[in-house]
Each structure stands twice: as C-alpha cells, then as structure tokens.
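Residue numbers (the working numbering): 1289 to 1667. This report concerns only the one structure given below.
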C-alpha cells in the first residue's frame, strides 16, 4: 500500500474522491417471508371463518348466548368472521392461541400471556394482555379456550429457510436492477479543489442526478464548467428476469403451503385441478382445524354430564360436497332406503327438518315409505 499512499499524497484531489459515497446498501427483503405466511395462513383463516357453529341439544339447534357469540359478535370490536380469521392466524403463526371470556361476556384473543404448567392441577395463564390492557386476574385452563398447533416443521422452516430465501431474493433483484441501470462517468476539472464543501456539493449533485435518471423517463443534465457527465453503458436486459424472480416467490409459497397441507393449485388459483384440490384441502387441512376447534369448544363450554345427555356444539366448516352437483347421489341414497332425508341433509351440512316424514326410510323412485311396499304376488 506504500505506492498508493505516495500517489494519493501527491494528488489530494484524487485522495478526496475516494471519500465520495457512491455505494448503496442492499436491503434484506423481509417482506418475502410475510408474503408466504400471509398468503397461506389467511387462506386457511378465510375458510375457517365460514364455519357455522351450532349449539345442539339432541337434534334441535339452540339459539342462545353462545350461538350469538360464536356466529355473530364475539366481542364489541370484532365480527365472528374477523374473530375466527384472527384466531386461526394466531394459532398457526404463534403455534398457540388463547381466548378468554370477560365479565361482560366478550370473547377476546390474547396477544401475550404467561403459562404456568402443573402436573396434577389445571395450568394457569397469567399476565394475559389484550391490546394495551393486562388482566389482573389469572385464568385456569378450564376457564379459557386454548389450542396448540404443534407444527414444529413450520417453526423450524421460518427460522432458517426464510433467511436463505431472503438473501437469494435480494441478490436476484439487485442483479436485475444493476443489469438494467444506466451507467455513466463524472469528470471533474483538475483546476477545481475538492475541499470538504466542494466535495459535499458534488455529492449532492450526483445524488440528484441519479434520482432524476431513476424517476423520469427523460432527464436533462445541466452542463457545468469543469464538470462532465458521460454515459458509457446501458442495461442490456441480461441477468435475472422478472419470471425467475416470480418463480422464487412462488417456490417459497409452495413450501409453506405443503407444510400446512394446502394444495398448491388452490393457493395460485389454478382451476385445472380444482375439484381434486378442494377435496384434499377440506380433508387434510380445513377438517383437522375444524375438529380441533370443535373439541375445545365442547370440552370447555359444555360439562361432561350435559355432553353425555346430547348437548354439544357442532362445527360445520367448508365442505367439498355441492348439493346440486351431487343430486344424483342424493337420489340414490334416499331411494335405496339407505338414509333418511334428514340424514342426507346433515351429510351436506344442512339442518334437520321438523317434518316427521323426512325421518322415514323410503325406497324406489316413487319415494313411498318402506312399509308400504308390497310383493308382486299381492298385486
């Protein structure tokens, strides 16, 4: 480095030029992580928010306080659809979700809390915070709704792979922008002395020049004495294309979707394989979430004796069964005498009818009752 020091010592203007801020830091594309998570988690949340929560006693649906809280307005600030969408988001993203019932009969999703675990007694939740309010009281496990997701693969993926994908995504964008940028050189007359003030003004002028090229399709450069700008190269469109960058984002979304059990065709709106995908989604992704919620509601809102006596909460979530498209199957189920019409209604998520005729088994295309069928020799 001795020879460089001698050169810089003889030419103070050249030495000062090395202090010009001509580099720009590469930003880490943290939003890449948010794209994948928000896309997949909100997809599940929207499907769960369409569920119908039915408080049942025997075969009769009850329209009581729990029906209103679970289906209409869980609290003063959220509708039922918004509540259950946020419920699923917290469950997947935080791997757990806690819901408490306030003294005013509001269901609130906790933002933060501390859980004390016990072997022989119910666990206790303390320091439960919702928005900016922290409850002074503690909540026992049998007083709250608490569900754990237990997806360790998603947590590990978020911790490691997102960093690698983020770095790769940032590098691809930077290369694409660099290969398509306009380049030029700035010449400064040797008669000008680059003192600190001149150097600062020159840097500001270069920054404004760069900003003008970046924001405007047409930019005019003032010609100054002792200052020459010369464009030496234009981007040739080589390097990472927009399609390659899009493929990288899609690949990350696909990986998260696979972990959560969402068919990729549904996430990307591909209709070619829609029927198979929606069946797989309902069976392997939506169904388990609905079952978790239903089990927790029955365990916490209904006592053991009441449950054994026929009191329960049924959650009817998204289903792949379309009543119109399956009309022929419905006809065969009923006309063969395998199911009553009320049982078929329940299979398709509809409520039972009070008409006693719909609880009778019927056969043949005439839909007559089974006990009315006579043999051929009696005709």
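Quick reminder that beta carbons are idealized off the backbone N, C-alpha and C, glycines included. Predicted, not measured: the structure shown is a model, and the values here were computed from it.
Query	Result
Which residues DSSP lists as bridging residue 1601, in chain order	1343
Residue 1415 (DSSP reduced to helix, strand or coil)	strand
For residue 1422: DSSP bridge partner residues	1417
Through-space distance from residue 1486 to residue 1494, alpha-carbon basis	12 angstroms
Closest Cα partner of residue 1689 within the set 1321, 1332, 1349	Residue 1689 is absent from the model: the chain starts at 1289 and stops at 1667.
Given residue 1570 as reference, the closest of 1557, 1424, 1556, 1605 once Cα atoms are compared	1605
One or two residues paired with residue 1393 in a DSSP bridge	DSSP, once it has assigned bridges, lists no residue as partnering residue 1393.
C-beta atoms of residue 1551 and residue 1534 nearer than 9 angstroms	no
Start-to-end residues for the alpha helix (DSSP H) that takes in residue 1595	1592-1596
Local Cβ density within 10 Å of residue 1324, reported as buried at 16 or more and exposed below that	buried
Residue 1647 to residue 1439 span [Cα, whole Å]	43 angstroms
Same chain, Cβ closer than 7 angstroms to residue 1379, five either side skipped, listed in chain order	1385, 1435, 1437
At least 3 beta-carbon pairs within less than 8 angstroms: the region 1354-1368 vs the region 1593-1600	no
Own chain, CB closer than 8 angstroms to residue 1555, minus 5 neighbours either side, in chain order	1327, 1328, 1331, 1541, 1542, 1545
Cα-Cα separation, residue 1642 to residue 1629	11 angstroms
6 angstroms CB neighbourhood of residue 1372 in its chain, flanking five on each side removed	1336, 1337
Within 9 angstroms, strictly: CB atoms of residue 1588 and residue 1411	no
Three CB pairs or more closer than 8 angstroms across the region 1382-1398 and the region 1418-1426	yes
First and last residue of the uninterrupted alpha helix (DSSP H) at residue 1564	1562-1569
Where residue 1428 falls: helix, strand or coil (DSSP)	strand
Supposed contact pair residue 1342 and residue 1601 - C-beta distance, whole angstroms, cut 8 angstroms	7 angstroms
Whole-Å CB distance - residue 1652 paired with residue 1623, under 8 angstroms assumed	6 angstroms
Rounded separation between residue 1427 and residue 1433 - CA only	10 angstroms
Range covered by the beta strand (DSSP E) that runs through residue 1612	It is not in any beta strand (DSSP E) - residue 1612 carries neither H nor E in the DSSP assignment.
Residue 1404 and residue 1640 closer than 9 angstroms at C-beta	no
Beta strand (DSSP E) segment containing residue 1350, residue limits	1348-1350
Alpha-carbon to alpha-carbon, residue 1422 and residue 1358	24 angstroms
Alpha-carbon to alpha-carbon, residue 1645 and residue 1576	34 angstroms
Short Cβ contact (9 angstroms threshold) for residue 1618 with residue 1636	yes
Residue range of the unbroken beta strand (DSSP E) whose run includes residue 1401	1400-1404
First and last residue of the uninterrupted alpha helix (DSSP H) at residue 1268	What is shown of the chain runs 1289 to 1667, which leaves residue 1268 out entirely.
Residue 1572 beta carbon less than 9 angstroms from that of residue 1557	no
Whole-angstrom distance between residue 1634 and residue 1611, CA atom to CA atom	12 angstroms
Of the residues 1582, 1333, 1607, 1585, the one placed nearest residue 1566, counting alpha carbons only	1607
Under the three-state DSSP convention, the category residue 1499 falls into	helix
Reduced DSSP category for residue 1433 - H, G, I as helix; E, B as strand; rest coil	strand
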